[in-house]
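Protein chains: 2
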Amino acid sequence: MSHLYKNLRIHQVFGANTDVGKTIITTALVRASALKQKNVFYLKPVSTGALLDADDEHIKRHAGPYKNLVHTKCLFRYDDPVSPHLAVKLATADGKNAVSAPSDETFVNTIAHYIRGRAAALSSQGGHMYVETAGGVHSPTLMGTTQADSYRPLFLPTILIGDSKLGGISSTISSYESLLLRGYIVDAIVLFRDNYYQNWEYLTPYFAERGVHVKAIDSPPSRLNDAAENFALTEEYYTKLVPQSLDGDISETVQHLDDCHTRRLDELDSMPRRTLDTVWWPFVQHGLVTSEQDVTVIDSAWSDFFSIYDSPPKTAPPSNPTSLLKPQLDGSASWWTQTLGHSHPSLALAAANAAGRYGHVMFPQATHLPALKLAERLVYDGPGKGWASRAFFSDNGSTAMEVALKMALRSFSIETEGTFEPSAKKDMGIIGLKGSYHGDTIGAMDASEEGVYTCEWHQARGYWFDPPTVSIQKGRVNISLPPSIAGLFGSTSETMESLSHVYDVESRLNTLLATIYREHIERTLQGLLENGGPGLAALVLEPLVMGAGGMIFVDPLFQRIMVEVVRDSKIFQSPLPVIFDEVFVGLYRLGHQSSGPLLGVNPDISVYAKILTGGLLPLGVTLASDRIFQAFYSTNKTDALLHGHSYTAHAVGCQVANTTLDTLGELVESAAWTEARRKWTPQGQEAQSSAWSFWDPNFVESISCLDTISEAMALGTVLVIKFKDTDAGYASHSAQNVLQSIKNSAGDDQTLSAAPGGAPFGIHYRTLGNVAYFMTSLNTQQATIDSVENRIWDSLSNTTRTS
Amino acid sequence: MSHLYKNLRIHQVFGANTDVGKTIITTALVRASALKQKNVFYLKPVSTGALLDADDEHIKRHAGPYKNLVHTKCLFRYDDPVSPHLAVKLATADGKNAVSAPSDETFVNTIAHYIRGRAAALSSQGGHMYVETAGGVHSPTLMGTTQADSYRPLFLPTILIGDSKLGGISSTISSYESLLLRGYIVDAIVLFRDNYYQNWEYLTPYFAERGVHVKAIDSPPSRLNDAAENFALTEEYYTKLVPQSLDGDISETVQHLDDCHTRRLDELDSMPRRTLDTVWWPFVQHGLVTSEQDVTVIDSAWSDFFSIYDSPPKTAPPSNPTSLLKPQLDGSASWWTQTLGHSHPSLALAAANAAGRYGHVMFPQATHLPALKLAERLVYDGPGKGWASRAFFSDNGSTAMEVALKMALRSFSIETEGTFEPSAKKDMGIIGLKGSYHGDTIGAMDASEEGVYTCEWHQARGYWFDPPTVSIQKGRVNISLPPSIAGLFGSTSETMESLSHVYDVESRLNTLLATIYREHIERTLQGLLENGGPGLAALVLEPLVMGAGGMIFVDPLFQRIMVEVVRDSKIFQSPLPVIFDEVFVGLYRLGHQSSGPLLGVNPDISVYAKILTGGLLPLGVTLASDRIFQAFYSTNKTDALLHGHSYTAHAVGCQVANTTLDTLGELVESAAWTEARRKWTPQGQEAQSSAWSFWDPNFVESISCLDTISEAMALGTVLVIKFKDTDAGYASHSAQNVLQSIKNSAGDDQTLSAAPGGAPFGIHYRTLGNVAYFMTSLNTQQATIDSVENRIWDSLSNTTRTS
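Going line by line, the protein sequences match chains E and D. In terms of this note's numbering, the first sequence is residues 357 to 1159. In terms of this note's numbering, the second sequence is residues 357 to 1159.
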């Protein structure tokens, strides 16, 4: 993935257009570098056209007095003097070349391999490398992907060669913006000092305002027909441009690039200390994180991978250096948010477009297209389909849950008018499950039991059932029953044929277990009502999985029956509003847009965040049925839902959400999804299993059989591994300790490699006490998943053997 | 501002580069349009070079059989065949032209004036207009601003002429991205079908994926030397390209553009109804907003202006049509968030860059540059300077306040270990002011008194003082005292010499009023402590102004003394943590980075949001002193501040915040700020007044003298006008009713115009019961402020006369 070496400074050279002088300026840079460094590398990943005219040949010819210091290389060469994507087509069509079109991954891996090789050979000697691209920033590479996108995994710092001709101001600025949109660091813009168009006069202050170094250099001489004369003239130009001293424009730029490199290294090196000194992390005990080594420095991220700074030991010799930036799989999908991978260009562009059209505009009594379109798709075609009538926007899952609670409490209090005295409204409570978690704001927290997460002002407002849970234990699908239910059932668990059977809720409604669930829930609630317990006013569920509570997979049948009971007029004078907190589980995190169809019941209110914005920025939404909406509808201003945040329905978030949902719509139909569903469908079963995962069923089963593991489970993108540990709970470190070995990349063992750029990757993962979980994006490549499975398996089976 | 007419479809034509065939393709579009419309307008805002070669002359020459239908116009013409910004320099330097360089505003206003004139003259007849830009999308216009930026106020739908030559794939995509970054709607990409480079073959599917129409058309013939022959050849090309039927590629594109136009009109027209059907707005009583007329449709926004859809009356004849999009000043700064105006390109680019480099990356125990830099600047150089040691990120002001409360309660409970029984911790309370508001999540709400905003679960946890307030009444600066203090002081108010004196807190510490404040606060708190009231654990203040509570300007001396008293060891065994909720007032909203220096005391915890991200998207931050941080520091995981949101410290928000703070740093030193400060500094006073505003002091004073007004006040960007109304409070509609007239644009009265594009603008404003407030961005132009003052004055003085 990203490449950064202490002794080898690398820059990629992009052009603001074709024919802007990329090669000439790079030649000058190479010569100026050779004045400072004993090793100067020039890489032309792709060259098209006659060898004689090739850019790497030009560099070789004009290395001047530095011939021995300059090493050139071309990786993919095609004869036809056309764009690489056409050249490769011609080459593969007529069989002139043996190779077929290399994939984007091969392309990037080949460059990465070259870079790694040179860096490793350098030892303690320093060097510079220039990687010259072809054409403009968005010219297509071999597979047709544009260069700005296809080079992105390498995340090399960039020199942009500006366009000095007519129209060049525009193309230089646009190219710069396209590079920025891909997250690139643009260290310098270099262009010819054309005295007629004077673009450099405009561009220098323009980019100075934006903090970018611009250097204008003398234009090259016009090309002569006679090759020898031409060579001499060109050589004269270079000699003048790069005198054999460290003076001159080009040497200044080389010095600037060196300074940028040093600054970046220093900055990366200082970030852990500086962060430890000023940042207060969420959910982190700073007393346990005091060493710089414990801070993950994320330099950039792409697809499913962080690029993290791996600081070199201060004492070790700088021999055989590897990149200071290492790929690390984002194994928790960055707190369950990642959807299409990091730095997805279409999300960046969607964000930019909304920022450029609206910025943010205030929402009450107003409308704008991104918010309206998002509301409509969520209500009509999304998780609200068939039951919701309204979308209420807020900023995250926690605020969206507070909105949901305010909706439910008000609506129940109005529907049962007279039942709750004004003072008793404060004691309205909810029904939930032990292990629930709905966010960290105090109101959302009050819908959960007291626990480690709760704070001074927390009040557990309600009653929480002990849930029966689903897991795979020693290869068998098992429903574990809490004591209260086990007593009635006569056993602490039931073994199920397959996960597919567990999640076929409809078929289980007439089982003994269903009857017992219903009886248990009814009796408990009746007892609470009779004994003047909390004034029950709503049912609040995380359907299918309680995430933060420890990735507890709840028996869906139990949740189905809970919903039925709270809507039963035998028990409640008015059906209790039902809230589905789908912040974690919704929008396909578990393979389903929403849980309603799986459970066979719809909520009155449901809540979404996380995946909603494709893993880019915060936005939350609360969907509500018309019943709920009507409770606030009157001609009295103060009856309204008086809740709002300044950035409610911010255009950037809504537009990014729309783009995300568009893309999800395509993914759902993709071959990868179909194949995953197939794997999890029991043989002989006609309908595709609604319980399926991107994780391999055999892998999950095998993990569950290990001695150190008490259970495993997978649904959709989520894999959960629970360790045997007497000291369970949030404070436990057991999962963290056992899996430590997968965090770091496995050295240079290429067999484990699947990160783009071919580097072996580490795995960044999160634990909840004795539970480790892993989560993919919704478009993670199969090879990556396979590789993670192998790494986990190796780590756990080794532990098992030695334990 | 934005232009959109039912009968006149307008498109601006941008080029992916210079010399890509903009004029040729526009000529073809003009001819194809003339097949459908009786009026086709071609506008070349700026032309450089010889008249004979001018683009508008080419159009005129080649209007072919449609000469009578085609109207061409050039607004700014320069002789030198160079970029407009150079041409205007040459022209003004040698005095060849009488004009000096027109400002960006004049430039845009001149185009707008032309468009308005043509639209008005059209009557019920239909028409098409093409506005051809010069060079590439980012080529500079007359003042040097690039076209993509300088045309932005007009927000015309766009045709991008693609580049069909070598390198053209890249320049076309980059240009498209630059347009999207400015929010433009790109309806079509048209380019020549160059059979060698075949760019169209690549670009068609590329843009189809992105939902953009691409049309490739035949390339024009090579230019001949003989003028007559050249004319004939070119005419033949056009005739073939645009046959006198509605067939052919160009006619297809014209039809597509018509469809885009119709779709946009239909969409705008349907948005109010669709929004009323699916959206649940914050703080809106939907029972009072049932008419489509009551929905503000925001099509785009730029600088301080919304562009709102003003639906035409269905019955009125479409004569003398004005633009369906009207500028409306964002008079509440979009819920107090706007900082640099809407759609600021540098914020859009910052957002895009962070999205392209990181997306979002999870934050616990990790670090990334945007978050680290933001934390450092807030703590070391920002509002935390001198007292804060840590920055804790969350998603908005409300969540950041919840974090602040959790911090304060925990720290006080630890410092007073043994004082609060575990059960008593739930009853820890805060000291505040009546009228306080800290956000809508229930925990933040619990730090306020019961009121209209509060919900079922709200519990007022604390004690709230009645505050003395500052205002301008009948031209005099007045401190109004609540009864409790008035009794001690012997008067219900004190008249002050100037606002400057009121906010010179230090000089007032030894006044009689200060002594009385202190005595009152001390006695009240001692009384509460002796009578076993709420276990007071923190002081929570909105310094200077309580915003949502009704824009109440609190006497800063009172707040200063409150802080001193709660830190007094005679009263509290341990100093109470002090929270400054600066979500509204901080980061220069009131002219000061933070209120600490003004009040002469620093908090232990302070909270920022809104301006933090320049008015683009949600981000909140809580700053804390080391004292607070240490209360959570241990080696026990569960002692940590267990609060977090998935998108904590999202890179996009942090990067946008850094760019905002950079820009604010420059604004603070600007001439506009210096001039505003000067106006508010009393004559003869040496030091600049710390109480100052962008609103004119004489205007504020005059407003306060009107019969219908009880008081007025201004600080920084904020202007507050309080109406006399017996039915005050949140439910009151009085302010809303009185000011109704300023909401709509004042017809075509150009004397009131100050919106870019020269259109008269309406004012979108918010009220809090009987209080109206107006708020500028931090870079609003003086002309805009003057204009708003005039509008308010006219509206209010008319009301006064007639009341």
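For each residue, glycine too, the CB sits at the ideal point set by N, CA and C.
For residue i, which three-state DSSP category applies?
i, result
"E/Lys-429", "strand"
"E/Ala-583", "helix"
"D/Trp-1036", "helix"
"E/Asn-752", "coil"
"D/Ile-366", "strand"
"D/Tyr-540", "coil"
"E/Asp-1081", "coil"
"E/Gly-715", "coil"
"D/Pro-726", "helix"
"E/Arg-916", "helix"
"E/Phe-511", "coil"
"E/Val-376", "coil"
"E/Val-1076", "strand"
Check the Cβ of residue i against every Cβ in chain D and list those closer than 7 Å, keeping chain order.
i, result
"E/Asp-751", "Asp-751, Asn-752, Pro-974"
Are residue i and residue j touching if we call contact CB-CB under 8 Å?
i, j, result
"D/Met-1131", "D/Val-1056", "no"
"E/Arg-474", "E/Phe-397", "yes"
"D/Leu-979", "D/Gly-1009", "no"
"D/His-617", "D/Arg-365", "yes"
"E/Ala-657", "D/Val-1012", "no"
"D/Ala-390", "D/Tyr-422", "yes"
"D/Pro-1053", "D/Trp-1036", "yes"
"D/Tyr-989", "E/Gly-643", "yes"
"E/Cys-1061", "D/Leu-765", "no"
"D/Leu-559", "D/Val-570", "yes"
"D/Val-369", "D/Lys-362", "no"
"D/Ile-798", "D/Ala-870", "no"
"E/Val-910", "E/Pro-778", "no"
In the DSSP output, what is residue i paired with across the bridge?
i, result
"E/Arg-1122", "E/Tyr-1129"
"D/Gln-684", "D/Phe-662, D/Gly-1118"
"D/Lys-1242", "Any question about residue 1242 of chain D goes unanswered here, given that chain D covers just 357 to 1159."
"D/Asn-834", "D/Ser-827, D/Thr-851"
"E/Met-784", "E/Gly-891"
"E/Leu-399", "E/Lys-429, E/Val-487"
"E/Pro-496", "E/Thr-502"
"D/Met-1069", "D/Val-1076"
So which residues of chain E does residue i contact, with C-beta pairs closer than 7 Å?
i, result
"D/Ala-1128", "Result: empty, since nearest Cβ-Cβ is about 16 Å, beyond 7 Å."
Touch test, the segment 689 to 698 of chain E against the segment 1123 to 1137 of chain E, Cβ-Cβ under 8 Å, three pairs minimum: yes
If contact is defined by three or more beta carbon pairs under 8 Å, each pair taking one atom from either stretch, is the segment 754 to 773 of chain E in contact with the segment 926 to 945 of chain E? yes
Can we say the segment 846 to 856 of chain E touches the segment 846 to 858 of chain D, given the rule of at least three CB pairs closer than 8 Å? no
Is the number of C-beta pairs between the segment 779 to 792 of chain D and the segment 788 to 801 of chain E that are closer than 8 Å three or more? no
Just checking, does the segment 519 to 526 of chain D make contact with the segment 541 to 561 of chain D on the three C-beta pairs under 8 Å criterion? yes
The segment 409 to 419 of chain D contacting the segment 587 to 605 of chain D, beta-carbon criterion three pairs below 8 Å: yes
Kindly confirm or deny that the segment 962 to 969 of chain E and the segment 597 to 605 of chain D touch, where touching means at least three C-beta pairs closer than 8 Å. no
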